[in-house]
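Report on one structure; see the data block that follows.
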Amino acid sequence: MTPNGAIGFGLILIAAAGTARGLTGLGVILALLIAFALASRRNIAAALLWSLGIVAPLAAFMALVWIGFVGRAPHEIAAGVEGSRAAAATYAATVCLRLFIIAFAVQALFLRFAGWTPLRFVRALTAPPLVKKLLVLTLSLIETILQAIDRARTALVAGGLITRRFSQVNLRNGWLLVQTVWLTVIAIAIGRTRDKWPIEGTLSRLDHALAAAAPRPAIADFAWGAAAVLCLGIVWGLR
Amino acid sequence: MRELIGGPNFSGRSAALLQRLSALAPGNAFFVGPYAEAALSGLSSTVADEIAIYRSDAAAAARAFAPLDFAALAARKPPTLSGGEQVLLALHCFALSDFTIIGIDTALEQLDPANRAAALDFLSRVPSATLLVDNRLDHIDGWSVRACEGAPAFRLDLAAAASRLAPVRAPTIALEGLWFRYPSGRDIFRNARIVLQPGTTYRLTGPNGAGKTTLFKLLAGVLAPKAGSITLDGGAYAPWRDGNRIFAFATQNPDHQWCGATLGEDLSRRRRALARHKQIALPDMATLVDLAAQLGVTSIDQHLYELPLVARKRLSWLWPLSGALPWIMFDEPTIGQDRAACAALAATVTRLAALGHGVLFITHDDDFAATIAHTRLQLADAAIKA
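The listed protein sequences derive, respectively, from chains E and H.
Those letters in the first sequence? Residues 311 to 549, by the numbering used here.
Those letters in the second sequence? Residues 12 to 397, by the numbering used here.
Right, dumping it as structure tokens:
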């Protein structure tokens with residue numbers, strides 16, 4: 311499968327998730343997504359757990375507010391009917407499942423291309439050079455933030471301001487981590503843009519590194535694309 | 012053309028290097044700075060991508076330089092490499108590129124002796140123009156030398172800083188059955204054990220990537236071992252859980268240790284944090300400010316990240332020299348420092364040990380290490396060997 315095909319597949323399923331109104335439609339999308347992830351022949355447990363972790367805070371909040379306090383679904387409130395906690399639970403589950411599908415779709419794409427480096431993935435995309443460059447810069451910014459988190463944590467732990475494991479000190483001084491990360495990101499960015507990049511013309515090296523014709527669509531692109539379109543049709547029919 | 016740019020700290024060597032590069036090949040000269048963000052592109056998420064960004068079909072075959080197994084490191088994130096490995100990666104990228112000029116600002120000081128010799132040999136034979144700033148070299152055969160002379164800024168007075176130190180009683184540290192590995196990496200330590208005596212200076216040795224800095228991070232609580240224990244005079248010590256109260260840690264890159272934006276903010280936050288440990292005799296703020304001035308920074312409103320790297324490195328010695336904490340760790344303290352600063356630091360380290368502090372240091376600077384009486388700890392095969 312090519313990156314273009316995989317992204318197309320993911321976007322169709324995300325659009326389907328946005329279109330679906332009930333749990334049945336979302337269930338169909340999730341089933342296709344799991345099949346797609348399994349086809350990567352990699353362990354999908356971590357991807358499922360990661361996606362659950364993304365959804366868990368929202369699920370807890372919605373359960374508390376809609377099922378616990380309100381006790382009715384929004385459409386019941388709009389219609390002025392008495393409503394039920396079961397309807398509120400269905401509403402909360404639908405919203406959470408939709409978010410879960412979006413998070414898991416991203417994870418499934420990562421799984422599919424787990425052996426690829428980010429640069430190779432971006433190079434294989436059909437997109438204008440500027441868009442590809444922006445994608446690489448965005449990824450580099452994410453890496454910079456991760457690097458800054460590591461640095462800031464090293465500084466604050468070694469300085470005794472926070473501890474590696476959970477502690478009361480962390481509750482008191484945790485906000486310092488945010489400030490230190492921010493300062494570190496700025497320091498790293500300035501370090502690059504002041505010395506390395508202007509002397510080398512580093513950014514212009516990307517043009518050469520990203521210049522490559524996108525690979526021709528593979529059979530898998532068409533197969534999974536057709537499945538996604540079929541899924542979108544089913545979801546639309548269930549509305 | 013091969014040129015060694017010499018002179019003491021703050022003599023304008025780095026500025027001269029950058030000006031020469033800009034003049035010789037505007038926007039088209041490979042640069043390896045003294046710290047990670049000036050050595051690597053910052054555009055790659057993996058070592059393989061870093062290489063791909065610089066690789067050119069036009070690179071001359073005679074430029075091959077691969078001191079590490081980069082295929083094995085292909086999936087690693089460049090910032091997770093050790094300082095020396097990052098420099099070697101940068102040189103490998105240069106070797107694969109079509110750049111015809113390279114400038115290196117003190118980065119080779121992070122390399123172990125074998126890799127440093129290999130790098131210098133590579134730079135001496137590569138058919139490219141090379142400009143080098145290095146504190147440990149006065150000349151290289153076949154290279155020209157350009158001397159810089161400038162008024163010294165950020166005056167260093169280590170003798171005065173060390174004069175206020177008082178005797179301490181540092182605990183004996185015992186590491187037992189230490190196991191550690193980074194996620195999806197090899198074992199860095201496997202059932203490692205060592206006893207560290209106070210009043211002794213230890214030098215950690217081993218090739219780039221052997222785990223020297225990792226050991227420091229374990230002792231300071233930045234990393235937690237998978238198994239094993241640390242004891243202080245026989246009592247349990249778990250800094251990853253309870254916080255660091257023993258080690259003053261001067262990191263290889265000084266920017267890995269600031270706890271605030273300005274000197275004053277950094278000092279006051281650290282004082283507050285250490286004050287919760289009753290056994291620590293904290294120096295007062297005025298003493299710390301005086302100490303900072305002796306290290307070259309005279310204003311507590313000084314923004315730390317605006318200081319030159321050499322000045323930041325010197326300021327990173329502040330907490331070790333404050334005497335507040337009984338054990339001291341220096342990670343490559345001489346990087347970027349001229350010979351006068353190195354000699355003064357060696358004398359200070361000797362004094363710290365004489366006063367009862369335990370000292371651990373990592374350096375690839377054999378000349379510096381030779382001036383300090385020390386016990387060598389060799390990191391090899393996931394063990395620590397005395």
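Ideal Cβ positions, reconstructed from N, Cα and C, are used throughout, including at glycine.
This structure is a prediction, so every number in the text was calculated from the model and none was measured.
Could you tell me whether any Cβ in chain E is nearer than 7 Å to the Cβ of G44/H?
yes
Residues that V479/E contacts on chain B, provided the C-beta gap is smaller than 8 Å:
Structure shown: chain B not included; protein chains present are E and H.
Taking buried to mean at least 16 other C-beta atoms within 10 Å of its own C-beta, is R197/H buried or exposed?
exposed
How big is the Cα-Cα spacing for S514/E and R504/E?
16 Å
Take S22/H as the anchor and find which of P163/H, D60/H and S108/H has the nearest alpha-carbon.
P163/H
Take the Cβ of N219/H as the centre, count every other Cβ of all protein chains shown within 10 Å, and call the residue buried at 16 or more, exposed below.
buried
Under 9 Å Cβ-Cβ, which residues of chain H neighbour P439/E?
The premise fails here: P439/E is roughly 15 Å from chain H at the closest Cβ pair, so nothing lies under 9 Å.
R13/H versus S33/H - alpha carbon distance:
16 Å
Is DSSP giving E392/E helix, strand or coil here?
coil
Are the CB atoms of P182/H and G367/H nearer to each other than 7 Å?
no
Determine the direct distance from the alpha carbon of A316/E to that of G347/H, and round the result to whole angstroms.
Roughly 48 Å separates the two Cα atoms.
Report yes if the C-beta distance between A63/H and L429/E is below 7 Å; otherwise report no.
yes
Under 7 Å, do R325/H and L306/H count as touching if we go by C-beta distance?
Going by C-beta atoms, R325/H is nearer than 7 Å to L306/H.
Taking three-plus beta-carbon pairs below 8 Å as touching, is the segment 506–525 of chain E in contact with the segment 481–489 of chain E?
no
Rounded to the nearest angstrom, what separates C406/E and V365/E at their Cα positions?
6 Å
Would you decide whether M311/E is buried or exposed? Buried here means 16 or more other CB atoms lie within 10 Å of its CB.
buried
Burial state of F379/E, where buried means 16 or more other Cβ atoms lie within 10 Å
With fewer than 16 other Cβ atoms within 10 Å, it is exposed.
Cβ of R192/H within 7 Å of Cβ of V137/H?
Cβ distance not < 7 Å, so R192/H and V137/H don't count as in contact.
Beta-carbon of K506/E versus every beta-carbon of chain H: anything under 7 Å?
yes
Please report how far the alpha carbon of R166/H lies from the alpha carbon of T309/H, in whole angstroms.
10 Å
Between the segment 31–42 of chain H and chain E, which residues of the former have CB atoms less than 8 Å from a CB of the latter, in chain order?
L32, S33, G38, N39, A40, F41 and F42
Whose Cβ in chain E lies nearer than 9 Å to the Cβ of K396/H?
Per Cβ cutoff of 9 Å: no residues; K396/H is ~26 Å from chain E at best.
Could you name the residues of the segment 429–457 of chain E whose beta carbon sits closer than 9 Å to any beta carbon of chain H, in the order they occur along the chain?
L429, R430, R433, V446, L447, L449, S450, I452, E453, T454, L456 and Q457
C-alpha gap between A370/E and F414/E, whole angstroms
The straight-line gap from Cα to Cα measures roughly 19 Å.
Would you please verify whether the beta carbon of G501/E is less than 7 Å from any beta carbon of chain H?
yes
Selection from Q30/H, G161/H and A83/H that minimises the alpha carbon distance to T57/H
A83/H
Where do the N-terminal and C-terminal ends of the beta strand (DSSP E) with S333/H fall, by residue?
First-last for S333/H: L329 to S333, but that is the alpha helix (DSSP H), not the beta strand (DSSP E).
Quick one: does L471/E have its CB under 7 Å from some CB of chain H?
yes
What's the gap between the Cα of R475/E and the Cα of G44/H?
In a straight line, the C-alpha of R475/E is about 34 Å away from that of G44/H.
Measuring CB to CB, does A465/E end up less than 7 Å from Q268/H?
yes
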